[in-house]
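Please read the structure below before turning to the comments.
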Amino acid sequence: MIVLIDNYDSFTYNLAQAFGMLGAQIQVFRNDALTVEQLAALEPSHIVISPGPGDPDDGGISLEAIRQLGHRIPILGVCLGHQCIGQA
């Protein structure tokens, strides 16, 4: 299952739809709706961090998720999500 972290951007659901069309099982969570511990407990196969307004410091759990889980769970960042990977 792929967890998609929504950084309050409408493009998030375009990503979710695209992954779904490829057969992936997706769960979408806002960047302030769960903790990194709760995210880890979901045992996602992958994490996608969405675009959003602002800079990486505005990304809720995005930075900490990358720092704590990036060594064992593949992470894809799009726009702001990619900036978060660079900053983390």
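Residue numbers (UniProt numbering): 1 to 88.
Beta carbons are placed, not taken as given, at the ideal position from N, Cα and C, and that holds for glycine.
Local Cβ density within 10 Å of residue i, reported as buried at 16 or more and exposed below that
{"i": "residue 10", "result": "exposed"}
{"i": "residue 22", "result": "exposed"}
{"i": "residue 62", "result": "buried"}
{"i": "residue 14", "result": "exposed"}
{"i": "residue 51", "result": "buried"}
Paired residues, beta bridge with residue i - DSSP
{"i": "residue 47", "result": "3, 75"}
Delimiting residues of the beta strand (DSSP E) encompassing residue i
{"i": "residue 27", "result": "26-30"}
Where the alpha helix (DSSP H) through residue i begins and ends
{"i": "residue 11", "result": "Segment: none, residue 11 is in no alpha helix (DSSP H) and carries neither H nor E."}
{"i": "residue 40", "result": "36-41"}
{"i": "residue 63", "result": "62-69"}
{"i": "residue 81", "result": "80-87"}
Within-8 Å CB hit, residue i to chain D
{"i": "residue 59", "result": "Going by chain labels, chain D is absent from the structure shown, which holds only one protein chain."}
Cα-Cα separation between residue i and residue j, rounded to whole angstroms
{"i": "residue 56", "j": "residue 68", "result": "16 Å"}
{"i": "residue 42", "j": "residue 33", "result": "13 Å"}
{"i": "residue 38", "j": "residue 31", "result": "12 Å"}
{"i": "residue 16", "j": "residue 26", "result": "7 Å"}
{"i": "residue 73", "j": "residue 44", "result": "8 Å"}
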